[in-house]
Amino acid sequence: MSSNKFFLKKNFYISKLFPKIKFSKIIEINDVKSLDKANKNDLTFFDSKKYKNLANQTKALFCITTKNLINELPKKTEKIIVNNVLSELARVTKLIYPFSDIDYPDLSLKDISKHKYKFVKYGNNVLVGKNVKIGKNSIIGSNTIIEHDVEIGKECIIGSGVIIKNTLIKDNVVIQDNTKIGQKGFGFIPSNKENFKFPHIGKVVINDNVEIATGCTIDRGSIDDTEIGENTYLDNQVHIAHNVKIGSNCMIAGQVGFAGSSIIGNKVSIGGQAGVSGHLRIGNNVKIGGGSGVVNDVEDNQVVMGYPAVSIKKFLQNKKK
Amino acid sequence: MSSNKFFLKKNFYISKLFPKIKFSKIIEINDVKSLDKANKNDLTFFDSKKYKNLANQTKALFCITTKNLINELPKKTEKIIVNNVLSELARVTKLIYPFSDIDYPDLSLKDISKHKYKFVKYGNNVLVGKNVKIGKNSIIGSNTIIEHDVEIGKECIIGSGVIIKNTLIKDNVVIQDNTKIGQKGFGFIPSNKENFKFPHIGKVVINDNVEIATGCTIDRGSIDDTEIGENTYLDNQVHIAHNVKIGSNCMIAGQVGFAGSSIIGNKVSIGGQAGVSGHLRIGNNVKIGGGSGVVNDVEDNQVVMGYPAVSIKKFLQNKKK
Amino acid sequence: MSSNKFFLKKNFYISKLFPKIKFSKIIEINDVKSLDKANKNDLTFFDSKKYKNLANQTKALFCITTKNLINELPKKTEKIIVNNVLSELARVTKLIYPFSDIDYPDLSLKDISKHKYKFVKYGNNVLVGKNVKIGKNSIIGSNTIIEHDVEIGKECIIGSGVIIKNTLIKDNVVIQDNTKIGQKGFGFIPSNKENFKFPHIGKVVINDNVEIATGCTIDRGSIDDTEIGENTYLDNQVHIAHNVKIGSNCMIAGQVGFAGSSIIGNKVSIGGQAGVSGHLRIGNNVKIGGGSGVVNDVEDNQVVMGYPAVSIKKFLQNKKK
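Sequence order for the protein chains is A, B and C.
The working numbering numbers the first residue of the first sequence as 177 and each following residue consecutively.
The working numbering numbers the first residue of the second sequence as 177 and each following residue consecutively.
The working numbering numbers the first residue of the third sequence as 177 and each following residue consecutively.
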């Protein structure tokens with residue numbers, strides 16, 4: 177089974193991808209995966225000590241990394257030592273998945289009436305790509321686009337003017353009008369004349385009972401996935417960047433933004449217009465005040481506020497000064 | 177005349193809705209309304225001392241409330257004493273209006289050309305539901321959806337890719353591309369396995385000469401309405417939550433957000449990216465600086481700034497420290 | 177050649193526009209332009225000392241201004257002295273360009289298949305106006321609207337649900353789903369009963385290799401143009417107001433907002449949810465921290481943060497206090 181049905185994949189021997197590196201085993205790369213998701217024949221990458229616990233347990237046979245990090249990787253993993261991990265990762269991922277760096281519009285779309293879904297109701301001009309699955313009793317609003325290979329569970333209500341691509345949606349999910357899910361995230365290797373667009377081979381996973389309000393944008397993952405946990409609710413105009421993982425039973429108010437790769441716990445509530453920086457870990461039962469800017473990890477059960485967000489106690493003390 | 181044409185209503189005797197409560201009069205509930213809007217045979221709710229002035233003048237025959245608030249209500253109003261007012265309100269409103277808790281896409285939409293409006297111009301793929309009224313000399317852009325029972329006045333310009341539902345729009349209103357009006361707001365009773373979605377039986381009212389720019393979201397009211405006063409202008413990507421009331425002649429700059437149920441006066445100007453918390457009262461002629469976060473009521477004629485927003489004088493003093 | 181192909185223009189003698197003013201030369205106005213763009217037979221305006229360097233070099237024959245500014249203008253320029261420059265400018269621009277103050281939806285749209293573009297691929301329900309140019313190897317997604325006279329270069333990828341009007345797009349540009357470009361900006365002369373909408377006769381120019389993510393809004397210029405420089409990338413839900421000019425090689429993260437008429441240098445990076453006030457000049461190589469509010473000009477190579485944004489050094493010192 178292909179691990180990635182959304183993007184055309186080309187097969188490469190590891191030596192073809194890195195012709196200047198000497199490998200002890202010359203095998204065909206199966207996929208590009210994050211440290212924890214990689215299997216034996218996969219290529220992974222490791223560029224920050226922050227992830228050393230994942231690094232020393234990776235099953236990947238090949239890992240793009242830097243000289244100073246090689247001791248954190250298992251012995252059996254072949255180290256591909258480079259100066260710029262993300263740049264090399266982008267380059268080879270683009271070779272393997274040549275159409276993952278730009279959201280080429282799906283030109284296989286057809287009116288849903290030509291697809292003959294059973295027990296699915298729909299409005300006008302609903303456009304559906306190849307191999308889309310839609311569960312029974314789901315309803316799809318007018319002018320909505322569901323691109324190829326997307327899966328939507330049963331009892332889902334998808335509004336009008338919605339666009340969904342590269343996404344798996346479980347059961348009983350509500351997505352309101354005009355929300356956009358699964359597009360490429362904001363990632364590139366800067367270059368003076370023409371930036372190198374970072375391939376995005378991940379997807380979005382939306383679990384059971386999630387509700388997403390109007391005008392949200394949820395980018396798919398770059399190498400890993402973006403994921404929203406069960407029974408989490410998002411208000412209007414929320415922006416979720418690539419690779420963000422939000423736990424279950426969270427409440428995310430309007431216009432909140434998440435930068436890339438942050439991991440949010442369960443039962444987290446976030447007030448309107450708050451922002452969460454990239455690569456953070458927010459614990460369970462955390463409350464983030466509206467308008468706050470979170471730039472550091474937050475432990476379980478904390479209430480934080482302000483910019484940069486601090487504990488509410490400290491925030492109120494600072495205001496008294 | 178039905179008080180609510182947007183949602184199917186079922187008829188219930190009060191005793192059927194609250195079988196454990198003893199009532200002195202067993203009558204059929206006419207509607208669910210806020211304290212001030214309720215008429216004799218309506219059910220209302222009262223859950224905060226903040227609204228005691230409305231409570232003691234309500235005409236409602238039945239009111240869901242808590243033990244400690246019953247003395248604020250008129251003698252003739254029967255008190256339905258519960259632990260959690262909003263939870264009980266949600267439960268019975270869902271019984272009375274069973275389709276108001278999810279935005280089921282309108283499947284009655286037809287191309288506008290089949291509706292035979294007089295003196296209305298329109299683009300391609302304009303989809304219009306049953307009983308929609310559109311006044312003369314109004315123009316509707318392409319790919320716009322106007323769901324059942326919406327009313328649009330005369331001389332209105334509605335852009336392309338707009339979605340309007342559960343809304344009354346008066347005359348000479350401009351709505352730019354991609355704005356979404358009338359969808360369900362962000363409200364639910366949290367529950368571990370599956371939240372209980374709060375029914376939204378209110379509508380949106382947009383008064384004469386309003387201009388709403390591109391990509392805004394304006395949620396309909398939950399029990400009450402969301403309303404925008406005459407000659408108020410909204411910039412792009414503004415988010416207005418349920419039950420918010422904005423006065424006349426206001427200027428709301430880009431990316432401003434309003435949490436639920438706040439009441440904004442007349443001639444209020446709000447700078448870009450500012451946020452207004454829920455259940456606040458902002459006076460007339462108030463100016464709110466860009467990027468501010470307003471968390472308290474603001475009296476008439478004040479200029480406020482910062483997070484939390486304070487008078488501009490105090491804000492500048494704090495910055496000097 | 178008409179200088180403005182997007183809006184119908186009417187011809188006026190200067191004396192007809194300002195019947196109470198005595199002119200030494202009575203000629204037909206060619207166009208309305210900003211101080212630096214105006215040519216001999218154009219009408220311009222000058223209302224702030226901030227622009228005196230542009231004023232004293234203008235080639236315009238006629239300039240709307242105030243009494244205290246007339247000495248900054250060249251001798252040959254006829255001064256039209258008024259109390260409120262913008263109000264008079266709005267009035268006469270509306271006479272000259274009567275359809276530029278409201279975004280009347282383009283009713284000339286036809287399915288792209290009827291336009292016979294060569295080497296252009298497209299999805300379903302792509303609607304294209306008169307005189308639209310699309311370069312070879314460009315791809316247009318479904319439900320996208322491209323209004324009359326828009327130009328799109330070659331090798332561009334335009335997503336689905338996009339709306340583009342009054343815009344010139346160069347080559348190799350990527351625009352993701354649901355972004356709206358070229359709509360009227362947020363400008364009006366307030367008036368109690370009915371505001372006077374400021375005509376917007378400018379356009380949007382998007383240069384080579386730009387990438388714009390999902391759900392952005394980019395307003396066209398009022399008198400001047402809005403412009404995005406080469407190889408600049410915008411993340412999701414960015415809002416760019418009228419007349420903003422962004423340089424080349426910039427990185428603008430999600431939910432950033434720009435108020436009108438600011439000029440941003442090259443290689444500027446701006447973190448998520450930051451805001452830039454109107455009429456500012458941000459230098460080259462500036463970095464603006466996420467969530468910041470910039471209210472003053474920023475010189476080249478500065479790193480700024482906070483609200484109001486100050487140098488990062490000062491920001492950190494303030495936090496220590």
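Where a beta carbon is used, it is the ideal one built from N, C-alpha and C, also for glycine.
Everything numeric in this text was worked out from a predicted model, so none of it was measured.
CB contact check: residue i to chain C, cutoff 8 Å
{"i": "residue 185 of chain B", "result": "no"}
{"i": "residue 359 of chain A", "result": "yes"}
{"i": "residue 350 of chain B", "result": "yes"}
{"i": "residue 413 of chain A", "result": "yes"}
{"i": "residue 429 of chain B", "result": "yes"}
{"i": "residue 318 of chain B", "result": "yes"}
{"i": "residue 181 of chain B", "result": "no"}
{"i": "residue 469 of chain A", "result": "yes"}
Other residues of its chain near residue i: CB distance less than 6 Å, five sequence neighbours each side excluded
{"i": "residue 387 of chain B", "result": "350 and 409"}
{"i": "residue 417 of chain A", "result": "361, 395, 434, 435 and 436"}
{"i": "residue 282 of chain C", "result": "305, 323 and 324"}
{"i": "residue 269 of chain B", "result": "208 and 375"}
{"i": "residue 415 of chain B", "result": "393 and 433"}
{"i": "residue 321 of chain A", "result": "303 and 339"}
{"i": "residue 475 of chain C", "result": "459"}
{"i": "residue 348 of chain B", "result": "331, 384 and 385"}
Proximity test, Cβ basis, 8 Å: residue i and chain A
{"i": "residue 178 of chain B", "result": "For residue 178 of chain B, the predicted structure reports a pLDDT of 44, less than 50, and the residue's modelled location is therefore unreliable. The matter cannot be settled from this model."}
{"i": "residue 417 of chain C", "result": "no"}
{"i": "residue 281 of chain B", "result": "yes"}
{"i": "residue 390 of chain C", "result": "yes"}
{"i": "residue 489 of chain B", "result": "no"}
{"i": "residue 293 of chain C", "result": "no"}
{"i": "residue 472 of chain C", "result": "no"}
Rounded separation between residue i and residue j - CA only
{"i": "residue 307 of chain B", "j": "residue 324 of chain B", "result": "6 Å"}
{"i": "residue 495 of chain C", "j": "residue 485 of chain A", "result": "11 Å"}
{"i": "residue 431 of chain C", "j": "residue 315 of chain C", "result": "26 Å"}
{"i": "residue 250 of chain C", "j": "residue 473 of chain A", "result": "59 Å"}
{"i": "residue 240 of chain A", "j": "residue 209 of chain A", "result": "11 Å"}
{"i": "residue 181 of chain C", "j": "residue 326 of chain C", "result": "9 Å"}
{"i": "residue 190 of chain B", "j": "residue 252 of chain B", "result": "15 Å"}
{"i": "residue 426 of chain B", "j": "residue 385 of chain B", "result": "12 Å"}
{"i": "residue 201 of chain B", "j": "residue 254 of chain B", "result": "9 Å"}
{"i": "residue 218 of chain A", "j": "residue 402 of chain A", "result": "20 Å"}
{"i": "residue 265 of chain C", "j": "residue 238 of chain C", "result": "12 Å"}
{"i": "residue 442 of chain B", "j": "residue 468 of chain A", "result": "28 Å"}
{"i": "residue 195 of chain A", "j": "residue 216 of chain A", "result": "21 Å"}
{"i": "residue 280 of chain A", "j": "residue 333 of chain C", "result": "7 Å"}
{"i": "residue 390 of chain A", "j": "residue 206 of chain C", "result": "45 Å"}
{"i": "residue 197 of chain B", "j": "residue 420 of chain B", "result": "33 Å"}
{"i": "residue 379 of chain A", "j": "residue 465 of chain C", "result": "29 Å"}
Same chain only: Cβ atoms within 8 Å of residue i, ignoring 5 sequence neighbours per side
{"i": "residue 271 of chain B", "result": "186, 188 and 193"}
{"i": "residue 477 of chain A", "result": "459, 460, 461 and 462"}
{"i": "residue 178 of chain B", "result": "For residue 178 of chain B, the predicted structure reports a pLDDT of 44, less than 50, and the residue's modelled location is therefore unreliable. A value from the coordinates is still provided. Result list for residue 178 of chain B: 185, in chain order."}
{"i": "residue 261 of chain C", "result": "221, 222, 223, 240, 241 and 242"}
Buried versus exposed, by CB contacts within 10 Å (16 or more), residue i
{"i": "residue 341 of chain A", "result": "buried"}
{"i": "residue 204 of chain C", "result": "exposed"}
{"i": "residue 493 of chain A", "result": "exposed"}
{"i": "residue 367 of chain B", "result": "exposed"}
{"i": "residue 289 of chain C", "result": "exposed"}
{"i": "residue 233 of chain B", "result": "exposed"}
Close beta carbons around residue i, own chain, < 7 Å, minus the five adjacent residues each side
{"i": "residue 491 of chain A", "result": "481 and 482"}
{"i": "residue 318 of chain A", "result": "299, 300, 301, 302 and 336"}
Beta carbon proximity, residue i to chain B, threshold 8 Å
{"i": "residue 453 of chain C", "result": "yes"}
{"i": "residue 435 of chain C", "result": "yes"}
{"i": "residue 409 of chain A", "result": "yes"}
Quiz item: What are the complete alpha helix (DSSP H) segments, minimum 4 residues, inside the region 210-293 of chain C?
Solution: 228-231 and 261-272
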